[in-house]
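Number of protein chains: 2
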Amino acid sequence: MSGATYDAAGVSIEAGDAAVQRIKPLVRSTFRPEVLGDIGSFGGLFALSNRYRDPVLVSTTDGVGTKAMVASAAGRFDTIGIDLVAMCVDDLVCQGAEPLFFLDYVSIGRLEPDMIERLVGGVAEGCRQAGCALIGGEMAEHPGAMGAGEFDLVGFAVGVVERSEILDGSRVEPGQALVGLASPGLRSNGYSLARHVLFERAGRRLDDPAWPEPGAPTVADELLRPSVIYAPTVAAIAGQVQVNGVAHITGGGIGGNLNRALNAHTDAVVASDSWRRPRIFDELARLGDIEAAEMAKVFNLGIGMVVVVGPDDVETAVAVAADHGVEAWAIGTTVAGTGQVQLR
Amino acid sequence: MSGATYDAAGVSIEAGDAAVQRIKPLVRSTFRPEVLGDIGSFGGLFALSNRYRDPVLVSTTDGVGTKAMVASAAGRFDTIGIDLVAMCVDDLVCQGAEPLFFLDYVSIGRLEPDMIERLVGGVAEGCRQAGCALIGGEMAEHPGAMGAGEFDLVGFAVGVVERSEILDGSRVEPGQALVGLASPGLRSNGYSLARHVLFERAGRRLDDPAWPEPGAPTVADELLRPSVIYAPTVAAIAGQVQVNGVAHITGGGIGGNLNRALNAHTDAVVASDSWRRPRIFDELARLGDIEAAEMAKVFNLGIGMVVVVGPDDVETAVAVAADHGVEAWAIGTTVAGTGQVQLR
């Protein structure tokens, strides 16, 4: 029996080095002037501009849930990184922050440089869309714990906001308007239920049409549709009109997220028929016999972000969103209340 | 067939809410005055002191590798979070940064509030040791992808350093001294090899003695020994003497990490017999018939951190470390060279 080595134990340092070489140009493509040093130091360095009087750092971490399992099953690794960035940076803008930098963590059953390049390529694309620098990351090979094509992606984002500009619900008042930004698909939430319904209950396969209609996307296309990154759109709206609150619609749906942008004396009333609901949600409800309340709790139902503006600013907000390629609708109003979301 | 729900699909929102309630006091126990708001907002808020003239943010992400699998197998979840914090914050101090805040990501097969409480309790303990605030985190339930007692932990740390104080290798000169800080165990590196050797080659079980001697720790005790968090010790040394470089010894060993603290005209010469090597490393080498070069590449061999100081400052550095409960040794010197580490 020959001596044990790390490689024989399933961890390939050489494959890791090869993967690092492949992702270097992708990572550098995201750099902003504030990034110091280069890849390979112990930590990522980001010089904070001194234009802030009283800077508050805002940070968040998130993953892509079991959307990763769909990507594994479909062997499509190039856009799930966009979803990861969306999940993180779009939480930052809810508190008024500008995304500055991002780090990713990839755990993988067997480190394949090509797969890593695609995964991190998606992260880099997301960072470019969000305008933040990808300044660090980690690849962890977990032989035994995961199969060869399996992976998990975790992201961390840091942004900055002037203390006086933090969105904390205090600017929300009765009589304001809710502008909903369109989500063309599931984003990264509700995948355990969607997979259960589509694959276990309905017996669909990834390359089946997502619904019975000529020209329908495949189940894989629909489930792997990249998340919209709203941060630049929200920043552009805030550049034109006063934004009073922002809510990123993730797990918990509109009801479980919009409340976080409110305060104790204001409710939000949302008209559920005020936007175009993507077909996939109707298919899921139908195939899974899912009650409307459960659908609204688990899925975004076509609204990925809600921005609270003054009633006279709706038109401008919708137009700015359109300029950024994001459809938007007036989906409700705020009224006197207790911090609840009323879905109607 | 009744309608599908998220809970039936394996994701328990109620268990998640229960876990959040349990970890709230743990998380709050780490707060520093700079933390704004409380748990439950979209992002964690940290007000950056304005005492910095030219602040540079340093950030890092890391996991605990397959040490998590040992913790799962042993059913011991309360200290692996300390390892997580150690892996992250001790990278920050290599660039001269003070750790400010931390976020954790827990992915888990089945969300059990008690297990989450232990895992996050370890993270909070690590954050208190490191002096950084735990200001955010995410729990992801991955039914199907992981078994009930399986988990992965990912950490993310942000620190700050004055631009003029960044450790980038430029202060290292020939004739300086290498002070090694003791690591009593494997830290979080080399676990795939250690598990392979102990469990597959040697057929050991978790509750077997780690070596054949009365009073020996069990394999589980030895493999789950919490990582020392060196950040406060390094900061204390830097408060007493000039620190020219710092290297966190993780995967790659001394040779693969100390080089990152050097510059292109200086080598480090390390005397491998200059510190007390913990018994576990000898056992691993013996049981696995692992060559010395492979041992040095995979494991820390008893040195978890190397601090480069002036030759006259060694005594002070060692004494300060002792004050923090960390044994330290002069383990070598720097000489004219090309940025290489010479292990002798």
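If you read the sequences in order, they're chains A and B.
Just so we're aligned, residue 1 is where the first sequence starts under this note's numbering, counting upward by one.
Just so we're aligned, residue 1001 is where the second sequence starts under this note's numbering, counting upward by one.
Just so you know, even glycine gets a beta-carbon here, dropped at the ideal spot from N, CA and C.
How many angstroms separate the CA atom of residue i from the CA atom of residue j?
i                  : j                  : result
Thr1079 of chain B : Gly310 of chain A  : 50 Å
Ser1170 of chain B : Gly1256 of chain B : 19 Å
Ala1261 of chain B : Ile1229 of chain B : 19 Å
Met1 of chain A    : Pro1214 of chain B : At Met1 of chain A, the pLDDT of 42 sits below 50, so the modelled position is not reliable; the number obtained from the coordinates is stated separately. Computed Cα separation, rounded: 29 Å.
Leu57 of chain A   : Cys1094 of chain B : 22 Å
His1265 of chain B : Val241 of chain A  : 56 Å
Pro1278 of chain B : Glu98 of chain A   : 47 Å
Gly1339 of chain B : Leu1100 of chain B : 31 Å
Trp275 of chain A  : Glu291 of chain A  : 19 Å
Gly147 of chain A  : Gly109 of chain A  : 5 Å
Thr1141 of chain B : Val298 of chain A  : Position check: residue 1141 of chain B holds Glu in this sequence, whereas Thr was assumed. Cα to Cα, the separation comes out at about 14 Å.
Met1139 of chain B : Glu1112 of chain B : 11 Å
Gly337 of chain A  : Gln176 of chain A  : 13 Å
Pro55 of chain A   : Ala157 of chain A  : 16 Å
Gly251 of chain A  : Gly1137 of chain B : 15 Å
Taking Cβ positions only, does residue i come closer than 9 Å to chain A?
i                  : result
Phe1077 of chain B : no
Gly1044 of chain B : yes
Lys1024 of chain B : no
Ser1192 of chain B : yes
Gly1131 of chain B : no
Met1350 of chain B : One cannot answer for residue 1350 of chain B here, as it falls past the ends of chain B, which runs 1001 to 1344.
Met1069 of chain B : yes
Glu1294 of chain B : yes
Gly1126 of chain B : no
Just to make sure I have the definition right: I need the residues of chain B whose C-beta is within less than 9 Å of the C-beta of residue i. Which are they?
i                 : result
Glu162 of chain A : In chain order: nothing, as chain B lies at least about 11 Å away.
Could you tell me which chain A residues have their CB closer than 7 Å to the CB of residue i, listed as they occur along the chain?
i                  : result
Asp1282 of chain B : Those do not exist, as Asp1282 of chain B stays about 14 Å from chain A at its closest Cβ, beyond 7 Å.
Pro1055 of chain B : Leu48
Ala1140 of chain B : Gly63 and Gly65
Val1197 of chain B : Ala4
Leu1036 of chain B : Val56
List, in chain order, every chain A residue whose beta-carbon is nearer than 9 Å to that of residue i.
i                  : result
Ser1107 of chain B : Gly63, Ser107, Asp152 and Val154
Per DSSP, which one or two residues make a beta bridge with residue i?
i                  : result
Ala330 of chain A  : A:Val179
Gly1063 of chain B : B:Val1154
Thr1266 of chain B : B:Ala1336
Val172 of chain A  : According to DSSP, which records beta bridges pairwise, Val172 of chain A is partnered with nothing at all.
Gln1342 of chain B : B:Val1269
Asp1104 of chain B : B:Gly1137 and B:Gly1155
Leu1036 of chain B : B:Leu1045
Ile303 of chain A  : A:Ala182
Ala293 of chain A  : Bridge partners of Ala293 of chain A: none, in fact.
Looking only at its own chain, which residues have a Cβ that is under 7 Å from the Cβ of residue i, when we skip the five neighbours before and after it?
i                  : result
Ala1047 of chain B : Glu1034 and Leu1036
His324 of chain A  : Pro232, Thr233 and Ala236
Cys1127 of chain B : Thr1030, Val1085, Phe1102, Ala1133 and Leu1134
Arg204 of chain A  : Leu198 and Val219
Asn263 of chain A  : Gly169, Ser170, Val172 and Gly339
Ile1023 of chain B : Ile1116, Glu1117 and Val1120
Leu206 of chain A  : Ala73, Ala74, Thr218, Val219 and Ala220
Take residue i and list the residues in its own chain whose beta-carbon comes closer than 8 Å to its own, dropping the five residues that flank it on each side.
i                 : result
Gly155 of chain A : Thr61, Asp62, Gly63, Leu84, Val85, Met87, Cys88, Phe102, Leu103, Asp104, Tyr105 and Val123
Thr66 of chain A  : Tyr191, Ser192 and Arg195
Ala296 of chain A : Gly253, Ile254, Gly255, Ser272 and Leu343
Please decide whether residue i counts as near chain B, where near means a Cβ-Cβ distance under 9 Å.
i                 : result
Asn50 of chain A  : yes
Glu315 of chain A : no
Glu345 of chain A : As shown, chain A starts at 1 and ends at 344. That puts residue 345 of chain A outside it, with no answer to give.
Thr233 of chain A : no
Ile13 of chain A  : yes
Asp168 of chain A : yes
Gly252 of chain A : yes
Which chain B residues sit within Cβ distance under 7 Å of residue i?
i                 : result
Ile249 of chain A : Result: empty, since nearest Cβ-Cβ is about 11 Å, beyond 7 Å.
Starting from residue i, find everything on chain A with Cβ-Cβ shorter than 8 Å and list it in chain order.
i                  : result
Ile1059 of chain B : Just to set this straight, residue 1059 of chain B is Ser in the shown sequence, not Ile. The contacting residues are Gly43, Gly44, Phe46, Phe101, Leu103, Ile135, Gly136, Phe156 and Val158.
Can you name, in chain order, every residue of its own chain whose Cβ lies under 6 Å from the Cβ of residue i, other than the five neighbours on each side?
i                  : result
Val306 of chain A  : Leu178, Gly180, Ala247 and Leu258
Ser1072 of chain B : Gly1149 and Glu1150
Gly96 of chain A   : Val161, Glu165, Ile166 and Leu167
Asp1208 of chain B : Val1219
Leu287 of chain A  : Val197 and Ala202
What in chain B is Cβ-close to residue i, meaning under 8 Å?
i                 : result
Leu181 of chain A : Those do not exist, as Leu181 of chain A stays about 15 Å from chain B at its closest Cβ, beyond 8 Å.
Is there a Cβ from chain C that is less than 9 Å from the Cβ of residue i?
i                 : result
Gly304 of chain A : Among the protein chains of the structure shown, namely A and B, there is no chain C.
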